[in-house]
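Mapping of the sequence shown onto my numbering: residues 678 to 955, in sequence order.
Virtual Cβ for every residue (Gly too), placed ideally from N, Cα, C.
Have a look at the structure below before the remarks.
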Amino acid sequence: MERPAAKDVECDAHVSAACVARFRHHAATLLSPSYAPGVGAARLELRHDRSIYRIDGGWFKARWHFSFDRYDDPNNVGIGTLRVFNHDTLVPGAAWPMHPHRDIEGITYVVSGEFEHADSLGNDGVLEPGGVQRMRLGSGAEHSERNHSRTEPMEFIQMWILPSQRGLAPSIEQRQYTLADRTDRLLRFLKPEGSDGEGVTVAQDVSMYVTTLSPAKTVEHVVGGGRGGYLYVITGAVRANDESLMKGDAAYVVDAGTLRLAASETSELLLIDTPLTR
678 MERPAAKDVE CDAHVSAACV ARFRHHAATL LSPSYAPGVG AARLELRHDR
728 SIYRIDGGWF KARWHFSFDR YDDPNNVGIG TLRVFNHDTL VPGAAWPMHP
778 HRDIEGITYV VSGEFEHADS LGNDGVLEPG GVQRMRLGSG AEHSERNHSR
828 TEPMEFIQMW ILPSQRGLAP SIEQRQYTLA DRTDRLLRFL KPEGSDGEGV
878 TVAQDVSMYV TTLSPAKTVE HVVGGGRGGY LYVITGAVRA NDESLMKGDA
928 AYVVDAGTLR LAASETSELL LIDTPLTR
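Written out as structure tokens, the structure is:
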């Protein structure tokens, strides 16, 4: 099954209601009614580091994987319910000031440094590497991200998930994980509301995982029928089934099956498992 080009989907950073509607329409076309889940190894479509959009704003540097703000790529608008995947670096003391969003589940994973959050609900605080936050921006809220350190840069990955329904009450949930929590295992740090196990909750049938693999260690994840995902190599080098990925590389997981991840050096990986249709 080929992942269709999303030539009818164009969205800006604010994700207007019309844009979300177009994206949902596109997501509904990702699988045809005749699709039968594959068996064996899950199939991947690679995205090498050099092909991912970069922007340098002086006080921030970013790698935007999907169409976002000034970056418009109709062939990369997300997969399933995953709409945004941004890997940002802020210089010491820099901040994205308060800004509004609606009808998204904003997920943050802290890669390095000290991530400082504030929002219009009165929440604030600092997360360290391995920290996870889910900010529900349903009926509307404002939030900001700041590098809490005055001496060191801060890296974080921000992902947007389209929720199962619109107009949800804004809320926040976060958790600080350690390196030990994710070493040589897939740590599920995000889970669907109402499901068992670890992780902060999201209003969608989506799970997110992170692992730091030691050299020669492997982990496996089974992608169910009608599902796919997105894999990102934060650091290191791995074999994902039969494909080699280096730091900064990513891959769409475009059908069901087993995803086997084997590290050739110490590697940190992020994996999103999402339904391909809504």
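Q) Excluding the five sequence neighbours on either side, which residues of its own chain have a C-beta within less than 6 angstroms of the C-beta of T766, listed in chain order? A) By one-based count along the sequence shown, residue 766 stands at place 89. Around T766: K738, P830 and E832.
Q: Note the first and the last residue of the continuous beta strand (DSSP E) segment covering A857.
A: Along the sequence shown, read from residue 1 onward, the residue named residue 857 stands at position 180. Careful: A857 lies outside any beta strand (DSSP E), inside the alpha helix (DSSP H) at L856 to R859.
Q.
At the level of alpha carbons, what is the spacing between H691 and W773?
A. To locate residue 691, count along the sequence shown from 1; it is residue 14. To locate residue 773, count along the sequence shown from 1; it is residue 96. The pLDDT assigned to H691 is 45, lower than 50, so where the model puts this residue is not dependable; a value taken from the coordinates is nonetheless given after this. In a straight line, the C-alpha of H691 is about 14 angstroms away from that of W773.
**Q.** For G757, the nearest candidate out of N824, V931 and G871 (CA to CA)
**A.** By one-based count along the sequence shown, residue 757 stands at place 80. Per the Cα distances, V931.
**Q.** Nearest candidate by alpha-carbon position, reference R937, set L867, R852, T828 and L908
**A.** One-based indexing of the sequence shown puts residue 937 at position 260. R937 has its Cα closest to that of L908, out of L867, R852, T828 and L908.
Q: Would you decide whether R813 is buried or exposed? Buried here means 16 or more other CB atoms lie within 10 Å of its CB.
A: Residue numbering aside, residue 813 sits at position 136 when the sequence shown is read from its first letter. It counts as buried.
Q. From which residue to which residue does the beta strand (DSSP E) around T828 run?
A. By 1-based counting over the sequence shown, the position of residue 828 is 151. Careful: T828 lies outside any beta strand (DSSP E) and carries neither H nor E.
Q) Under the three-state reduction of DSSP, which class applies to R747: helix, strand or coil? A) Locating residue 747 in the sequence shown gives position 70, counting from the first residue. Reduced to three states, the DSSP call for R747 is coil.
Q. Does the Cβ of M836 have 16 or more other Cβ atoms within 10 Å, making it buried, or fewer, making it exposed?
A. Here residue 836 corresponds to residue number 159 of the sequence shown, with the count starting at 1. That one is buried.
**Q.** Cβ-Cβ separation, G901 to S944 (assumed contact under 8 angstroms), whole Å
**A.** On the sequence shown, residue 944 is found 267 positions in, with the first residue counted as 1. On the sequence shown, residue 901 is found 224 positions in, with the first residue counted as 1. Contact flag wrong, Cβ pair sits at about 25 angstroms.
Q. Can you list, in chain order, the residues of its chain whose CB lies under 6 angstroms from that of P840, leaving out five sequence neighbours each side?
A. Start at 1 with the first residue of the sequence shown, and residue 840 comes out as number 163. So the qualifying residues of the chain are E782, A880 and Q881.
Q) How many angstroms separate the CA atom of Q842 from the CA atom of T785? A) Position 165 of the sequence shown, counted from the first residue, corresponds to residue 842. Position 108 of the sequence shown, counted from the first residue, corresponds to residue 785. Straight through space, the alpha carbons of T785 and Q842 are spaced by roughly 21 angstroms.
Q: Give the DSSP bridge partners of P952, in chain order.
A: The residue given as residue 952 occupies position 275 in the sequence shown. Its beta-bridge partners are R904.
Q. Within 10 angstroms of its Cβ, does T855 collect 16 or more other Cβ (buried), or is it exposed?
A. In the sequence shown, counting from the first residue as 1, residue 855 sits at position 178. By the 10 Å Cβ count, T855 comes out exposed.
Q: Please say whether H764 and R740 have beta carbons closer to each other than 7 angstroms?
A: For the purposes of this step, residue 740 is taken as the residue at position 63 of the sequence shown. For the purposes of this step, residue 764 is taken as the residue at position 87 of the sequence shown. Yes, the pair counts as a contact, with Cβ atoms nearer than the cut-off.
Q. Within 10 angstroms of its Cβ, does E793 collect 16 or more other Cβ (buried), or is it exposed?
A. Start at 1 with the first residue of the sequence shown, and residue 793 comes out as number 116. Counting Cβ neighbours within 10 Å, E793 comes out buried, since at least 16 surround it.
Q) Using the beta-carbon count (16 or more within 10 Å), is T888 buried or exposed? A) To locate residue 888, count along the sequence shown from 1; it is residue 211. Buried.
Q: For the beta strand (DSSP E) containing D765, list its first residue and its last residue.
A: In the sequence shown, counting from the first residue as 1, residue 765 sits at position 88. From DSSP, the beta strand (DSSP E) with D765 extends over L759 to L767.
**Q.** Exposure of H825, with buried meaning 16 or more beta-carbon neighbours within 10 Å
**A.** Residue 825 sits at position 148 when you count from the first residue of the sequence shown. So H825 counts as buried.
Q: Provide the residue span of the beta strand (DSSP E) that contains W741, from first to last.
A: For the purposes of this step, residue 741 is taken as the residue at position 64 of the sequence shown. Its beta strand (DSSP E) spans residues F737 to W741.
Q.
Please classify T951 as buried or exposed, where buried requires at least 16 other C-beta atoms within 10 Å of its C-beta.
A. Numbered from 1 along the sequence shown, position 274 holds the residue referred to as residue 951. Its Cβ being crowded by 16 or more others within 10 Å, T951 is buried.
**Q.** Where D733 falls: helix, strand or coil (DSSP)
**A.** By one-based count along the sequence shown, residue 733 stands at place 56. Looking at D733 - three-state DSSP - the assignment turns out to be strand.
Q. Name the DSSP bridge partner or partners of P774?
A. Locating residue 774 in the sequence shown gives position 97, where the first residue counts as 1. According to DSSP, P774 bridges with nothing at all.
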